[in-house]
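Report on the following structure.
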Ligand code: PRP
Ligand code: URA
């Protein structure tokens, strides 16, 4: 059975359908999209997805004086958000989320995939402390085998993180399954669900190597 028929919002898996997100993902995929445009698209998609993922941020009323009269009006309660990009490619999504919530703290988790085994290896972890009370938004454009995403969430939990959401722009069915089964409490926001992984654990049709395309390496 197709994965979108197995996992849905009731499982905390939110596959995006907004036309703007779909349009920008198509531009992102194109082999003719250069580094500059690619970075802009990643940022814009992250902002659109962040808007959706932050729908449940708590509000509190404050008093405000308009030119007409005083009234009570809602603002975001507290400053309790942390953004955690998975290095390197997740870095490209951070500015899209901070455009929405400029006061968010930012942590970093460094993971790279072994080219042969495709297993993730940790090389860096620095998270805001204390992290227990924060809503944590983990960002990485690609959820392929799900190994990096699942390990990143495990690390955050080991540091005390509790309220965790995961944002990825393109996912393979295998990645959603792995992340959801390892961390069923984590909400997963997916820009587009792709068909499958190839023999090198790259997402098909995908967009290639997200880190290389953002940073112009290879
Ligand atoms: C990519 C991507 C994810 C990971 C996804 O990073 O940004 O972190 O692969 O693959 P997985 O779901 O199979 O773990 P990569 O390891 O290539 O590092 P980079 O961002 O530094 O290029
Ligand atoms: N990492 C990427 O950057 N792209 C893929 O397709 C899979 C993992």
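Residue numbers (the working numbering): 13 to 230. No residue lacks a Cβ here, since even glycine has one placed at the ideal position from N, Cα and C. Note that the structure is a prediction, hence the values are computed from the model and not measured.
If you measure from the CB of residue i, is any heavy atom of the ligand URA nearer than 7 Å?
i: residue 161; result: no
i: residue 215; result: yes
i: residue 105; result: no
i: residue 222; result: yes
i: residue 122; result: no
i: residue 116; result: no
i: residue 102; result: no
i: residue 203; result: no
Are there any heavy atoms of the ligand PRP lying less than 7 Å away from the beta-carbon of residue i, as far as the coordinates show?
i: residue 58; result: no
i: residue 109; result: no
i: residue 153; result: yes
Mapping DSSP to helix, strand and coil, what is residue i?
i: residue 128; result: coil
i: residue 92; result: coil
i: residue 115; result: coil
i: residue 22; result: helix
i: residue 229; result: coil
i: residue 143; result: coil
i: residue 31; result: helix
i: residue 106; result: helix
i: residue 218; result: coil
Could you tell me the alpha carbon to alpha carbon distance between residue i and residue j, rounded to whole angstroms?
i: residue 177; j: residue 160; result: 15 Å
i: residue 164; j: residue 150; result: 8 Å
i: residue 119; j: residue 80; result: 42 Å
i: residue 216; j: residue 85; result: 47 Å
i: residue 111; j: residue 28; result: 20 Å
i: residue 280; j: residue 94; result: This structure cannot speak to residue 280, because the chain is shown only from 13 to 230.
i: residue 228; j: residue 47; result: 6 Å
i: residue 52; j: residue 179; result: 17 Å
i: residue 18; j: residue 192; result: 11 Å
i: residue 20; j: residue 202; result: 11 Å
i: residue 64; j: residue 38; result: 19 Å
If I'm right that residue i touches residue j with Cβ under 8 Å, what's the distance once you round it to whole angstroms?
i: residue 43; j: residue 200; result: Residue 43 to residue 200, Cβ: 27 Å. No contact.
i: residue 101; j: residue 222; result: 4 Å
i: residue 140; j: residue 169; result: Rounded, the Cβ-Cβ distance is 15 Å, inconsistent with contact.
i: residue 181; j: residue 153; result: 4 Å
i: residue 184; j: residue 209; result: 5 Å
i: residue 122; j: residue 99; result: 4 Å
(Q) For a minimum of 3 consecutive residues, which ranges assigned as the beta strand (DSSP E) are wholly contained in the segment 40-92? (A) 71-77, 82-88
**Q.** Every unbroken alpha helix (DSSP H) inside the segment 155-196 [4 residues or more]
**A.** 159-170, 185-194
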